[in-house]
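Student:
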Amino acid sequence: MELLFATAIGLLTAAGIYLVLRLRSFPVIIGISLLTYAVNLFLFGAGRLAINLPPVLRKGVETYTDPLPQALVLTAIVISFGMTAVVVMLALGAYLSGREDSVNMDDGTAPEQEKEA
Amino acid sequence: MDTAGSFLPIIAALPFVGALFPGLMIRAGRNTCAAFTASATILALILLLLCVPAVMRGEVLTFGIDWLPSLGLNVNFMLDGLGLLFAGLILGIGLLIILYARFYLSREDPMGQFYTYLLLFQGAMVGIVLSDNILLLLVFWELTSLSSFLLIGYWKHLPEGRQGARMALTVTGLGGLAMIGGMLILGNIAGSYDLSVILTQKEAIQASPMYLPALILILLGCFTKSAQFPFHFWLPHAMAAPTPVSAYLHSATMVKAGLFLMARMWPVLAGTPEWFWIVASTGLITMVMAAKIALFKDDLKALLAFSTVSHLGLITMLLGLGTKAAAVVAVFHIINHATFKAALFMTAGIIDHEAHTRDIKRLGGLRHLMPITFTIATIAALSMAGIPPLNGFLSKEMMLEEVAHAHWIGPHWLMGAVATLGALFSVAYSFRYIAHVFLGKERNDYPAKPHDPGFGMWAAPAFLTVLVVLIGVMPMTFAGDLVKVTAQAVTQAEPHVKIYHWHGLVPALWMSIIAVLGGALLLALHGPLMRLWSATPRPEAKVMFDAVTRAATSLSNALTDGIHNGALTRNAAVFAVAVIIAGALAWSGGNALGPTREALPVTLIPAIGWLLLVLATICLVAFHRNRFLALVLMGIVGLMVSLGFVYFSAPDLALTQISVEVVTIILLLLALNFLPRETPAESSPARRLRDAGIAIVGGVAVTGLTYAILVRDFAQESISAFHLANSYKGGGGTNVVNVILVDFRGFDTYGEIIVLGIAALVIYALTETVLKGPGGRWLANWDAHRYAEAGDRHPLMMVVATRVMMPIALMVGAFIFLRGHNEPGGGFIAGLIVAIAFLMQYMASGFAWAEDRQRVTYHATIGLGVLIASVTGIGAWLNGRPFLTSDYGYLHFPPIEEFEWATAMAFDVGVFLTVVGAVMLALNSLSSMARRSGETVNVFPMDINPARENAPNEGEA
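In structure tokens:
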């Protein structure tokens, strides 16, 4: 199960990196969202995986799952929503104002000269 | 003694407090402004004078407040003889400069600014000399660099002023950085950052292997500040400043800071061969070289600047000799130099002010035109030349006596000879200041008719000249005690101070005579020598400095442009590769250990979930150009992640993730309404291959890292056990995750809801800006029907369903909120659920319809939420507890069951409100864009309502 969890995070990361490296704002936003999933899962995984262990105190229960990463990831999820919303608005504002949703500055260097990089 | 000690922080603070006033008082006139500035200095000076009796008795006044004791940084002040001398010079000459500047500055100069800068500088200097803690001293040290930058560049319209200021800041700032390193090493060796402790650790420090690095770094700071060779070049360029600044910074204060520090550290650093070689050699070279340059400068201030460098070199050399007698002479010369050099700078300023030039070649014959200035300048310059019976003679004679007995390199007489040469140049340029400016024939081509200035302007230099004469004639009466107590502080021993004019036929007398005669001869030959000087090429420090600066600038430009050339993609790629490389380095540096945890078994249902996630992600990458499809696939990924949280025992996370997922997708859908539906294929196959390569390497690395973590136990005891154990006892809740959020880590959560609120406000502001700009005009012409729309945009079924669901959804929200402390739930999740409940109304009946029925603005909701959270946190103060300490208890109202209350609940209300407000404000901002684009505003809750009498005709909606 650990391997499945790890490969899922790796795949989300790879997809996220690939999409972030695209030239238009929308795939970049999607890519950032995928990276967010990956990072949140990774942080959550730092508490190690546990099945059927409560994070809520119960009488007679001795072992619990690690609550700390959960608390940290919970705020991370909400904050990342805030960040995504701001980025979406930035992209939208840029597109409406400039009618252009390329993420690179259009000064003749990108994306053509990018190739030599 | 205690009362006097408590004056020290006040003395250090007074100039800073005073710095607030000139800017305000300038409105009341220039005299008032100067008076207020002076009053701060006078107050500080009076307090300092009150400390004089104790210091003269040999006491050391101290005052201390712990600031950051864990770092060793404490606000500790101390006042001994050395501190008293320097504080007296800084405040006393500062007062004279304030008076002088009042008459020097013209009406066009912003005087309020000038005095503010001056007082800031004064405060920083006083801070340096009163600090007992070397870290505190470093803070003040940097402040002098910054405030002197403002002062040197005071005439912002002059390019020389700006360049000089930058150069001074660069050189002294770099030296300051080196000194920070040196001081940290020193404190480390001594085990304390308090000077009073360090000064007792001479053996330990000099025996330490880190002695030499510390010494070199500290001396770099001192030499750059005191303009010692090879860092002397900034001082002449700093002469572009107004003359009061030059007189203050470059005679009495800033450049003396380096000397002060060398004197301060003298007891622990001096006495070793390293100290002698570095300090004495630098001092000697600086003294001779700068004196020679000074002789050939035609600008009065440049002449004085180089002469200052030369005299600083002299004092440095004396400190470098490392003997107690030489230290006494150094102290005495510091006093003498401050008096005559400040007076000379002020006379140079007077000449510049009245004759409108300070070029020696255009001056001469001023003695009848400016008799008062002539008298002052002559006495001060003769003192600088070392002519008896003035004070400059006394210290120069003593210096020569010391040097005559010191052994440097080569033959025994070499150091004496070189020092005599320096003295000879010094005599020559001092005589030149008198002869070529005041003597000679009166000219008729001065740029302005020179005359003596008013009393206010010559009062300050005249006062200093009186001191020059008094100390010269009766040194033991006027300076003996001060020299004694200062030298005692420098050498940490009872010094032998005996200053007199006639020493007998000692070597120093002959050296003096040679210097005076030789200097006079040199001046007589000045014309031919000057031509020779002009003909010989010599390195120009400014050109070299500029070249170095330019090279550094272009290097950093190349680096920045290479990484970030305006293309986000390149920047992101560089970042990704850099992170991968850093990770690889870290990985290869350590050694991964084998698994210690038993792997969880793979079961069918989770495997299906994993498969779905993998397929959705792969499809997402493959079909990302179809943006709508991409969103659907992203929804699947988010759903699988939420289910994963459920499976791995994280119900709170699952609830949060699924609600955020809904809101995010709605947001992206709304945004997609205005963005292109397709992403064009632009990048070349090679580029795609490169990106895929980076992505795959990154993904594999993350997989490996995650797996390595998951299969091993914690390396150290986790702090989670503490949270589990104290959640109920301390926080009063059984849902540990929620208790961590609102109690243990409440401060984090508090910060995060504020960030969330700010994000929402940013979105609102962005929308408003876009709508006001060209984007808004473009939206106004938007073709609302460019895409096919549903005929029934507000369908009856949906409207009815959402109306029914609204109270239920709110109820669920309330339920989730209330159970949050003990069961999965809480403010974050409840906020998201309630936001979704509102959103459903927006979707069913349209934005405008829903907005009409909204009573509270979202801005207010966010503000209220943060306010409630803050008030809850502050409430803990009333009970004498730290911010956000929570309390809880139980209430029992029969016949209802006993229930729990916790202050954390109120905090959670704040979280709840902020989340609702932030989410709604973000989506509302998007909807206002839709409205601008001609989205129809519906008056009725639904388009087709069978109950309505006046149903709209076809095509009217």
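Residue numbers (the working numbering), protein chains in the order written: chain A, 1 to 117; chain B, 118 to 1074. Glycine is no exception: its CB is placed at the ideal position from the N, C-alpha and C atoms. Since this is a predicted model, take the numbers as computed values, not measurements.
Between A/L43 and chain B, is any beta-carbon pair separated by less than 8 Å?
Tutor: no
Student: Locate the beta strand (DSSP E) running through B/W184, then write down its first and last residues.
Tutor: L178 to L185
Student: Is the Cβ of A/E2 closer than 8 Å to any Cβ of chain B?
Tutor: Chain B contact via Cβ: present.
Student: Sort B/A295, B/L438, B/A465 and B/L888 by Cα distance to B/P330 and report the nearest one.
Tutor: B/A295
Student: Closest to B/G205 by CA distance: which of B/I163, B/P186, B/F180 and B/F194 is it?
Tutor: When only C-alpha atoms are compared, the closest one is B/I163.
Student: Just verifying my parser: in three-state terms, what is the DSSP assignment at B/N682?
Tutor: coil
Student: Are B/P126 and B/V243 closer than 8 Å when you measure CB to CB?
Tutor: no
Student: Check B/E225 in the structure and name its three-state DSSP category.
Tutor: For B/E225, the secondary structure class from DSSP, reduced to helix, strand or coil, is coil.
Student: Residues of chain B with CB under 8 Å from A/I51, in chain order?
Tutor: L717, Y764, F765 and S766
Student: How is the alpha helix (DSSP H) around B/G726 delimited, first residue to last?
Tutor: Residues L721 to A739.
Student: Does B/A1019 come out as helix, strand or coil in the three-state DSSP assignment?
Tutor: In this structure, B/A1019 counts as strand in the three-state DSSP scheme.
Student: Return no unless some Cβ of chain B is closer than 8 Å to the Cβ of A/V86.
Tutor: yes
Student: Please look up how many angstroms separate the CB atoms of B/M516 and B/L435, rounded, as I've assumed it's under 8 Å.
Tutor: 6 Å
Student: Quick one: what's got a C-beta closer than 6 Å to B/A494's C-beta in the same chain, skipping five residues either side?
Tutor: Contacts found: T464.
Student: Compute the distance between the beta-carbons of B/R807 and B/T713, then report whether it is under 8 Å.
Tutor: no
Student: According to DSSP, is B/Y959 part of a helix, a strand, or is it coil?
Tutor: helix
Student: So is A/V61 in contact with chain B if we call contact Cβ pairs under 8 Å?
Tutor: no
Student: Mind the definition here: the region 192-209 of chain B touches the region 254-261 of chain B only if three or more C-beta pairs lie below 8 Å; say whether that holds.
Tutor: no
Student: Quick check on this structure: which residue in B/L480, B/H367 and B/S343 has the alpha carbon closest to the alpha carbon of B/L378?
Tutor: Selected option, being the one with the closest Cα: B/S343.
Student: By DSSP, does B/L190 sit in helix, in strand, or in coil?
Tutor: strand
Student: Let me check understanding here. Comparing Cα to Cα, which of B/T287, B/T537, B/K558 and B/P326 lies closest to B/K478?
Tutor: B/K558
Student: Is the beta carbon of B/P326 less than 8 Å from the beta carbon of B/T608?
Tutor: no
Student: Determine the contact status of A/V56 and B/L770, defining contact as a CB-CB distance below 8 Å.
Tutor: No, they are not a contact pair.
Student: Can you give the Cα-Cα distance for B/V445 and B/V665, rounded to whole angstroms?
Tutor: The straight-line gap from Cα to Cα measures roughly 40 Å.
Student: Going by DSSP in three states, B/G363 sits in which element: helix, strand or coil?
Tutor: One point to set straight first is that residue 363 of chain B is Ser, not Gly, in the sequence displayed. The answer is helix: DSSP assigns B/S363 an H, G or I state.
Student: For the region 853-864 of chain B and the region 938-957 of chain B, state whether three or more C-beta atom pairs, one from each stretch, are separated by less than 8 Å.
Tutor: yes
Student: Quick check: the Cα distance between B/S1044 and B/L787, rounded to an integer number of angstroms?
Tutor: 8 Å
Student: In whole angstroms, what separates the C-alpha of B/G338 from that of B/M661?
Tutor: 21 Å
Student: Would B/L841 pass as a contact of A/P67 if the rule is Cβ separation under 8 Å?
Tutor: yes
Student: What do you reckon, are the CB atoms on B/I946 and B/L784 nearer than 8 Å?
Tutor: By the CB criterion at 8 Å, B/I946 and B/L784 fall outside the cutoff.
Student: Mark B/F1029 as exposed unless 16 or more other C-beta atoms lie within 10 angstroms of its C-beta, in which case mark it buried.
Tutor: buried
Student: Between the alpha carbons of B/S547 and B/S673, how many angstroms are there, rounded?
Tutor: 45 Å
Student: With DSSP run on the structure shown, which of helix, strand or coil describes B/A1005?
Tutor: Here the sequence assigns Tyr to residue 1005 of chain B, which means Ala is not the residue at that position. B/Y1005: strand per DSSP, three-state reduction.
Student: Hey, B/M923 and B/A954 are a contact pair by Cβ (cut 8 Å); roughly how many whole angstroms apart?
Tutor: 6 Å
Student: Anything in chain B within Cβ reach of A/I79, meaning under 9 Å, just list it in chain order.
Tutor: Near A/I79 (Cβ distances below 9 Å), the residues of chain B are E869, V872, L873 and A876.
Student: Under the three-state reduction of DSSP, which class applies to A/R48: helix, strand or coil?
Tutor: A/R48 falls in the coil class under three-state DSSP.
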